[in-house]
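Q: Going by my numbering, the first residue of the sequence shown is number 17, and it counts up by one from there.
For glycine and all other residues, C-beta sits at the position ideal for the given N, C-alpha and C.
Predicted, not measured: the structure shown is a model, and the values here were computed from it.
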Amino acid sequence: MTKSLEPAHTPAEADAGSRRQPSRIGAVWVGAHFDPAVKRALRMLAAAQDTTVQALLARAINDLLEHHGHGRPADEAVRPRGGAARAIKKGAP
17 MTKSLEPAHT
27 PAEADAGSRR
37 QPSRIGAVWV
47 GAHFDPAVKR
57 ALRMLAAAQD
67 TTVQALLARA
77 INDLLEHHGH
87 GRPADEAVRP
97 RGGAARAIKK
107 GAP
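1) Between which two residues does the alpha helix (DSSP H) containing Ile77 stretch?
2) Round the Cβ separation of Ala63 and Leu72 to the nearest angstrom and send it over; I've been treating them as touching at under 8 Å.
3) State the CB to CB distance for the pair Asn78 and Asp91, rounded to an integer number of angstroms; the pair is presumed to be in contact (CB under 8 Å).
4) With H, G and I counted as helix, E and B as strand and the rest as coil, what does DSSP make of Gln37?
5) Expressed to the nearest angstrom, what Euclidean distance is found between the alpha-carbon atoms of Arg102 and Thr68?
6) How many Å lie between Gly85 and Ala76 at the Cα?
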């Protein structure tokens, strides 16, 4: 038996029937497992830079993809959550 590679629902259908936070609609989770020291270091850097871990990761992903000729697709991916959370600015170092 083979599994279908097609999603059971389109993203729009999934978003319409889910209880996702509005800021997560249309977004997907991308992640990996690292040593807890990595998480600690990212949080400390985010605090020192007055930004979020998500914004730092978006910047790193953009740098990697741009280096390999894929542009900077994560520039618009970071959405502010209010409060101290901030989106990265397009072209930020």
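A: Quick answer:
1) 69 to 83
2) Actually they are not in contact, since the Cβ atoms of Ala63 and Leu72 sit about 11 Å apart, beyond 8 Å.
3) 6 Å
4) coil
5) Note that Arg102 scores a pLDDT of 44, beneath 50, so its modelled location is shaky; the value from the coordinates is reported in the next line. Near 7 Å, if we compare the C-alpha coordinates of Thr68 and Arg102.
6) 14 Å
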